[in-house]
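For reference, the structure discussed in these notes is given below.
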Amino acid sequence: MNSKTFRAKYLKSAILIISLCLILGAISACLPNISIPTLEDNTLSDTAMTITQNSTDGLGEFNDGYSYVYTDKELIDKYRADDPNTPYDISAVKVDKTQARGAQDNPYVIASVEDWTRFAKNLDDGSIASYGSGKYFVLANDIDFDGTIFRPIRFFNGTFYGMGHKLQNISLSGTEWQYWNGSAYAQIPTSGSDAPLGYGIFCKSIGSTITDLIVENFNYQSLVQTSSNGRSTLAVGGLIGFSTSNSDAILNCHLVGEIRCASSYTQSSAGGLVGLRYMITNGSSIILYRCTSYVTIDITNAGSYPGIGALMGDGIRANKIYIYDCLAKCIVSAEASTHTSFSSAIGVLHDGSTLYMENYMGYIDVNTTTVAGSGSIIGTYDGSSVSLLKNCYVEGYYGRVDTTKSPYAGVGGAIQITVDGNNISNINIVRESDVSYFSTYHNYYGIKLSGQTEYGTSNEMFSSAKAYFGKNYSHIWDTEKIGVSYDPDNSPVRNYLLAFINFRNLENSGNTDIEVGIEDRVGYVVGDVLPNENSDSADFSDFLSFLNTKATTKHEFVGWTDDPTGESEPFTELPSGFFGDVTLYAVWTLPDDYVSSRISTSLTLKDGVGEI
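Using the working numbering, the letters of the sequence shown correspond one by one to residues 20 to 631.
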């Protein structure tokens, strides 16, 4: 039944029945033996999430008992291994407002441009101490910054759950990168302790977890280079500009956008997710899991030794870098004074970094005249090691747009590459030149691993990837989306999160809550068709029996609601905004033929109307 037909039918039923009730009330003294039926609530509204403003900090807060979900770092290893006891890589949190403000079960909630601006300001003015350390923040709505001012987060040391929502149309150029200095907005410092030394949604991450966030159509231009220890640099990432901490995590985040800089830089690091990862402490780590990046990077004067990657620009002393089940594409135009490094994954990896990468798809297309160390997985690889490199499907091209591009798709450009052959397997490329000579000074070459599989076309490689991931990682990879697009809405690794639904029926004017024959806490994602009269009888036999029983008492099932008070139309597919534990209630109306046979347009009372 289409929505227009339903509305007409539903409106007719509702108006006539309400009118009839008024008539019955007026003549009840004359018809003492006719009982007025108690009608169940049969309308709804999407009230899965109610947000109120906290009077102290000005940010939103959920109501008690609301559940939200997030990708859980603690479940990743078991879920990736397809552990039968770990059916999901997400966890649910039920809100308890008796807990401290900013606790995981009483998080700060951001749902509008104003909320985001307040969030950034509160971190800078000390309202939320230590830049969010130990605090939790939840994005509860898509936020579109088109035509408005976006305030970047200068320093972040907390946990940010995107809940599958989007930050859209973010545009910043030059001195527009501003923060709250205590009395006014001012340009973010480029040196000293107040300088984050990076540009991104989160300019500097100092121990953060960011999950389930979509950044759509970001545009960063004309960035001002920063200075640290006498070294002038540019570090810019679509999500994080500069990552430096013992532990950062970027989980189920998906970005598409542009970084375009025409200024002259001494040195630059640019990445779709992270610009620069720099850490000295042994044992530190950063993990990227189920992430997608599609970034266009154009740096006219990139300086010396720039690192440019679709996931990460530069990993210096990054210690351990874990990249699992990610996909990235990078279109690059860059000129530098000396050697450049380009990659769909990490531009430069050196000085004690260790890479662990499994299940990756990447594409890099470079337009430059500068000598380069280039590879579809790593551009320049020096003084580091690879402990794991498995199941990678990559493609890359290097050269000028006005000449024939030279294909490259090796692991990296540096001859100093160190690998553990036992942990390097199933490397797939579109094609590779045997040895690509890039620089006379550093002797950088395109490195080719033994045993890698080469394909003549992209489609051949995509077919292989679909077969492999479909067989071994179908719980993570949506193989139908492989080779289709790299944008967030079509990512084959995006986790759309789940609502764990309990299905119920209300009776006795909503005072009785009964089961309807459907298993509780079954996972659904936004857009999934909910159980109905046409559901597979093998899985929903008890529910179908319930519907048949109700039909004999003149109930016609029309959908579900989460609002037992009922104020809008029911739905038959799960709408957006439902996460974690959700209870849905059956919605009923009267059959057309029953209404027509009992009530005329003149509202004449028919025999037996009280027997509904």
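Positions of the beta carbon are idealized from the N, C-alpha and C atoms, including for glycine.
Q: Would you kindly work out how many angstroms separate the C-alpha atoms of residue 351 and residue 332, rounded to a whole number?
A: As a first step, residue 351 is located in the sequence shown; it is residue number 332 there, counting from the start. As a first step, residue 332 is located in the sequence shown; it is residue number 313 there, counting from the start. So the alpha carbons of these two residues sit roughly 12 Å apart.
**Q.** residue 154, buried or exposed, once every other Cβ within 10 Å from all chains shown has been counted against 16
**A.** By one-based count along the sequence shown, residue 154 stands at place 135. So residue 154 counts as buried.
Q: For residue 533, I'd like the list of residues in its chain whose CB is within less than 6 Å of its CB, leaving aside the five on either flank, ordered along the chain.
A: Indexing the sequence shown from 1 puts residue 533 at position 514. Counting only Cβ-Cβ distances below 6 Å, and skipping sequence neighbours, we find 524.
Q: Please state whether DSSP places residue 504 in a helix, a strand or coil.
A: Position 485 of the sequence shown, counting from 1, holds the residue named residue 504. Residue state, collapsed to three classes: coil.
Q | Buried/exposed call for residue 141, threshold 16 Cβ in 10 Å | A | Your numbering for residue 141 matches position 122 in the sequence shown. Classification of residue 141: buried, given that the 10 Å Cβ count is 16 or more.
Q: Please state if the CB of residue 271 and the CB of residue 632 are separated by a distance shorter than 8 Å.
A: Lying outside 20 to 631, the shown extent of the chain, residue 632 is not represented and no answer is given.
Q: Would you kindly check if the distance between the Cβ of residue 364 and the Cβ of residue 342 is under 8 Å?
A: Working through the sequence shown from its first residue, we reach residue 342 at position 323. Working through the sequence shown from its first residue, we reach residue 364 at position 345. Yes, the Cβ-Cβ distance between residue 342 and residue 364 is below 8 Å.
Q: Closer than 8 Å by C-beta to residue 472: which residues in its own chain qualify, once you throw out the five before and the five after it? Chain order, please.
A: Along the sequence shown, one-based indexing puts residue 472 at 453. The residues 445, 446, 447, 448, 483, in chain order, have a CB closer than 8 Å to that of residue 472 in the same chain once the five nearest residues on each side in sequence are set aside.
Q. How is the alpha helix (DSSP H) around residue 477 delimited, first residue to last?
A. The residue you call residue 477 lines up with position 458 of the sequence shown. First-last of the alpha helix (DSSP H) with residue 477: 477 to 491.
**Q.** CB contact flag (residue 594, residue 578, <8 Å)
**A.** As a first step, residue 594 is located in the sequence shown; it is residue number 575 there, counting from the start. As a first step, residue 578 is located in the sequence shown; it is residue number 559 there, counting from the start. Taking 8 Å as the Cβ cut-off, residue 594 and residue 578 do not qualify as a contacting pair.
**Q.** Reduced DSSP secondary structure (H/G/I, E/B, other) of residue 463
**A.** The residue given as residue 463 occupies position 444 in the sequence shown. Because the pLDDT at residue 463 is just 44, under 50, the model does not fix this residue reliably, and the value given afterwards should be weighed accordingly. Here residue 463 sits in coil by DSSP.
Q) Helix or strand or just coil, what does DSSP make of residue 377? A) The residue labelled residue 377 in the question sits at position 358 within the sequence shown. It is a strand residue.
Q: Using a Cβ cut-off of 8 Å (strictly closer), state whether residue 92 contacts chain D.
A: In the displayed structure, chain D is absent; only one protein chain is listed.
(Q) Can you look up residue 287 in the DSSP assignment and give me helix, strand or coil? (A) For the purposes of this step, residue 287 is identified with residue 268 of the sequence shown, where counting begins at 1. Strand at residue 287.
Q. Given residue 193, which residues of its chain have a CB within under 8 Å of its CB, disregarding the five upstream and five downstream residues?
A. As a first step, residue 193 must be located in the sequence shown, where it is residue number 174. Excluding residues within five positions, the ones whose Cβ falls inside 8 Å are 240, 241, 242, 243.
Q) With burial defined as no fewer than 16 other Cβ atoms inside 10 Å of the residue's Cβ, what is the status of residue 548: buried or exposed? A) For the purposes of this step, residue 548 is identified with residue 529 of the sequence shown, where counting begins at 1. By the neighbour-count rule (16 or more Cβ atoms within 10 Å), residue 548 is not buried but exposed.
Q.
Let's see if you can read the secondary structure: which residues bound the alpha helix (DSSP H) around residue 135?
A. By one-based count along the sequence shown, residue 135 stands at place 116. 132 to 144 is the span of the alpha helix (DSSP H), which, as asked, contains residue 135.
Q.
If the criterion is Cβ atoms closer than 8 Å, does the pair residue 11 and residue 337 meet it?
A. Nothing in the structure corresponds to residue 11, since the chain is present only between 20 and 631.
Q: Answer yes or no: do residue 511 and residue 307 have a C-beta to C-beta separation smaller than 8 Å?
A: Start at 1 with the first residue of the sequence shown, and residue 511 comes out as number 492. Start at 1 with the first residue of the sequence shown, and residue 307 comes out as number 288. Between residue 511 and residue 307, the CB-CB gap reaches or exceeds 8 Å.
Q | Residue from 339, 385, 370, 375 whose Cα sits closest to the Cα of residue 328 | A | Along the sequence shown, read from residue 1 onward, the residue named residue 328 stands at position 309. It is 385.
Q: Could you tell me whether the Cβ atoms of residue 158 and residue 274 are closer together than 8 Å?
A: Locating residue 158 in the sequence shown gives position 139, where the first residue counts as 1. Locating residue 274 in the sequence shown gives position 255, where the first residue counts as 1. Not a contact, by the Cβ cut-off of 8 Å.
Q: Measure the beta-carbon distance from residue 111 to residue 88 and round it to whole angstroms, keeping in mind my assumption that it falls under 8 Å.
A: Indexing the sequence shown from 1 puts residue 111 at position 92. Indexing the sequence shown from 1 puts residue 88 at position 69. Confirmed, Cβ separation roughly 5 Å.
Q. Rounded to a whole number of angstroms, what is the C-alpha to C-alpha distance between residue 520 and residue 600?
A. As a first step, residue 520 is located in the sequence shown; it is residue number 501 there, counting from the start. As a first step, residue 600 is located in the sequence shown; it is residue number 581 there, counting from the start. One C-alpha to the other measures close to 6 Å.
Q) Can you tell me whether residue 168 is buried or exposed, with buried defined as 16 or more other CB within 10 angstroms of its CB? A) Translated into the one-based positions of the sequence shown, residue 168 becomes position 149. Classification for residue 168: exposed.
(Q) Less than 8 Å between C-beta atoms, sequence neighbours within five positions excluded: which residues of the same chain meet that for residue 559? (A) To locate residue 559, count along the sequence shown from 1; it is residue 540. Hits under 8 Å: 536, 537, 550.
Q. Where does residue 611 fall in DSSP's three states?
A. Translated into positions along the sequence shown, residue 611 becomes position 592. Residue 611 falls in the helix class under three-state DSSP.
Q.
Can you check which of these residues, 507, 413, 531, is closest to residue 476 by C-alpha distance?
A. The residue you call residue 476 lines up with position 457 of the sequence shown. The shortest Cα separation from residue 476 among 507, 413, 531 belongs to 413.
Q) Could you give the distance in angstroms between the alpha-carbon of residue 238 and the alpha-carbon of residue 267? A) Start at 1 with the first residue of the sequence shown, and residue 238 comes out as number 219. Start at 1 with the first residue of the sequence shown, and residue 267 comes out as number 248. Going by the C-alpha atoms only, they are around 24 Å apart.
(Q) Taking the straight line between their C-alpha atoms, what separation do you get for residue 496 and residue 488? (A) Residue numbering aside, residue 496 sits at position 477 when the sequence shown is read from its first letter. Residue numbering aside, residue 488 sits at position 469 when the sequence shown is read from its first letter. Near 6 Å, if we compare the C-alpha coordinates of residue 488 and residue 496.
Q. In angstroms, rounded to a whole number, what distance separates the CA positions of residue 162 and residue 70?
A. One-based indexing of the sequence shown puts residue 162 at position 143. One-based indexing of the sequence shown puts residue 70 at position 51. A direct Cα-Cα distance of roughly 15 Å separates residue 162 from residue 70.
Q | Proximity winner among 408, 151, 572, 393, relative to residue 373 (alpha-carbon distances) | A | For this step, residue 373 is matched to residue 354 along the sequence shown. Each of 408, 151, 572, 393 was checked against the Cα of residue 373, and the nearest Cα belongs to 408.
Q. Excluding sequence positions up to five away, which residues of its chain have a Cβ less than 6 Å from the Cβ of residue 51?
A. Counting from one through the sequence shown, the residue named residue 51 turns up at place 32. Because residue 51 sits at a pLDDT of 32, beneath the cut-off of 50, its placement in the model cannot be relied upon, and the following sentence gives the value as read from the coordinates. Excluding sequence neighbours, residue 51 sits near nothing in its chain.
Q: Report back the beta-carbon spacing between residue 173 and residue 215 to the nearest angstrom; my notes put them in contact at under 8 Å.
A: In the sequence shown, counting from the first residue as 1, residue 173 sits at position 154. In the sequence shown, counting from the first residue as 1, residue 215 sits at position 196. Here residue 173 really is in contact with residue 215; their C-beta atoms are around 5 Å apart, less than 8 Å.
Q. Closest to residue 223 by CA distance: which of 101, 171, 200, 180 is it?
A. Position 204 of the sequence shown, counted from the first residue, corresponds to residue 223. Nearest option by C-alpha distance: 171.
Q: Measure the alpha-carbon distance for residue 502 versus residue 178 and round it to whole angstroms.
A: Residue mapping note: residue 502 aligns to position 483 of the sequence shown, counting from 1. Residue mapping note: residue 178 aligns to position 159 of the sequence shown, counting from 1. Looking at the two C-alpha atoms, the distance is approximately 32 Å.
Q. Do you know offhand how far residue 145's Cα is from residue 127's?
A. On the sequence shown, position 126 is the one that residue 145 refers to. On the sequence shown, position 108 is the one that residue 127 refers to. If I take the Cα positions, the gap works out to 15 Å.
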